[in-house]
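This report concerns only the one structure given below.
Numbering (this note's numbering), first residue to last: 3 to 338.
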């Protein structure tokens, strides 16, 4: 099947789980993780951050995967979808009427009214996007691999310790403890909607709903991301979606991550159409890009989908990414 994207939608949101020290490196500090989704999409659309004059980086200074997505999928129209971000981006976006996610250890992730609104509006948006054909859906939500584990466990899947991390050192014990604390507080919720309300975040149900709408309109939904997309696919399935119509695309770094189990999770949920971008940054002249080969970042902002598409077009992805990397660091150093 030809999976050339007609449009690339990036769904953003936040969860207060990202404020837990050590849970994520998708931001230079825990507090900055609430800015990361806005900065990611501002950079993706404009080539520079707007809300803060800071390119989103890990604590080690490794830049956002939005750099890769922007560099290699430059010719694909982009759409920002706000599912519930604490900091709203200063670029145009579609708002699904959700709310930022809470700390699932302390209380519900969101109100069920917000989750229902996300499902309704997301599905409506998906039906419109589906008329275009192939729709790639990426995400930006620091802390999302932890809430993804919670969603999957809440829906009855064995996801313990199987979701990935943006860090080379996956904090599996900490993530599992957060999920256990959330389950102890909420008990296993009785239905999928309650699972999302109690244990999730705004992004995963939005991804699922948009994908469902795309499929209903005759389009091809492609979840472009890592282990978090197992949770999105599980919600899609619980909403009545046909998994035969759903595709998932990710990076080689996610598939090869020994601290997680991307392929196993996809198989457990029932996703059959899995595609992997085989790009390597091992020969890069830049340490920040070679770090990807050591397990840094791995996915995010639809990077796997962008690489998969670019490689299918025969593009020299490393050359494109290095050129964008050079431009970004000139901007960082000179403010130009």
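All C-beta atoms, glycine included, are put in the ideal place defined by N, C-alpha and C. In this text, all values refer to a predicted model and were calculated from it rather than measured experimentally.
Could you give the DSSP three-state label for residue i: helix, strand or coil?
| i | result |
| --- | --- |
| residue 329 | helix |
| residue 16 | coil |
| residue 142 | strand |
| residue 183 | helix |
| residue 42 | helix |
| residue 86 | strand |
| residue 310 | helix |
| residue 321 | helix |
| residue 136 | strand |
| residue 11 | strand |
| residue 243 | coil |
| residue 128 | helix |
| residue 154 | helix |
| residue 81 | strand |
| residue 65 | strand |
| residue 304 | coil |
| residue 103 | strand |
| residue 238 | helix |
| residue 258 | coil |
| residue 299 | coil |
| residue 315 | coil |
| residue 164 | coil |
| residue 174 | helix |
| residue 112 | coil |
| residue 118 | helix |
| residue 30 | coil |
Considering Cα atoms alone, identify which of the options is closest to residue i.
| i | options | result |
| --- | --- | --- |
| residue 201 | 156, 169, 211 and 178 | 156 |
| residue 83 | 297, 28 and 16 | 16 |
| residue 251 | 281, 65 and 242 | 281 |
| residue 270 | 164, 315 and 116 | 164 |
| residue 55 | 129, 40 and 20 | 40 |
| residue 244 | 213, 133 and 256 | 213 |
| residue 144 | 206, 110 and 254 | 206 |
| residue 2 | 109, 92 and 9 | Since the first residue shown for the chain is 3 and the last is 338, residue 2 is missing from the structure and cannot be characterised. |
| residue 99 | 112, 106, 93 and 92 | 112 |
| residue 9 | 138, 62 and 96 | 138 |
| residue 134 | 7, 179, 262 and 328 | 7 |
| residue 277 | 25, 324 and 308 | 308 |
| residue 341 | 93, 76, 305 and 238 | The requested residue 341 is not part of the displayed model; the chain covers only 3 to 338. |
| residue 318 | 33, 38 and 73 | 73 |
| residue 35 | 78, 59, 50 and 263 | 59 |
| residue 235 | 25, 151 and 104 | 151 |
I'd like the span of the beta strand (DSSP E) that includes residue i, first residue to last.
| i | result |
| --- | --- |
| residue 249 | 249-253 |
| residue 223 | 222-226 |
| residue 279 | 275-279 |
So is residue i buried or exposed if we call it buried at 16+ other beta carbons inside 10 Å?
| i | result |
| --- | --- |
| residue 119 | buried |
| residue 283 | buried |
| residue 259 | buried |
| residue 231 | buried |
| residue 314 | exposed |
| residue 310 | buried |
| residue 326 | buried |
| residue 80 | buried |
| residue 175 | exposed |
| residue 177 | buried |
| residue 3 | exposed |
| residue 114 | exposed |
| residue 239 | buried |
| residue 264 | buried |
| residue 97 | exposed |
| residue 203 | buried |
The alpha helix (DSSP H) spanning residue i covers which residue range?
| i | result |
| --- | --- |
| residue 56 | Note, residue 56: premise wrong, no alpha helix (DSSP H); not H, not E. |
| residue 268 | 264-271 |
| residue 206 | 205-218 |
| residue 93 | Premise fails: residue 93 is in no alpha helix (DSSP H) and is neither H nor E. |
| residue 195 | 194-201 |
| residue 5 | No alpha helix (DSSP H) holds residue 5; DSSP gives it neither H nor E. |
| residue 291 | 289-292 |
Contact the stretch 82-96 vs the stretch 7-14: 3+ CB pairs below 8 Å: yes
Sufficient close CB pairs (3 or more, under 8 Å) joining the stretch 66-77 to the stretch 300-317: yes
The stretch 262-279 touching the stretch 192-199, judged by at least three CB pairs closer than 8 Å: no
Cβ contact (3+ pairs, closer than 8 Å) linking the stretch 32-49 and the stretch 125-134: no
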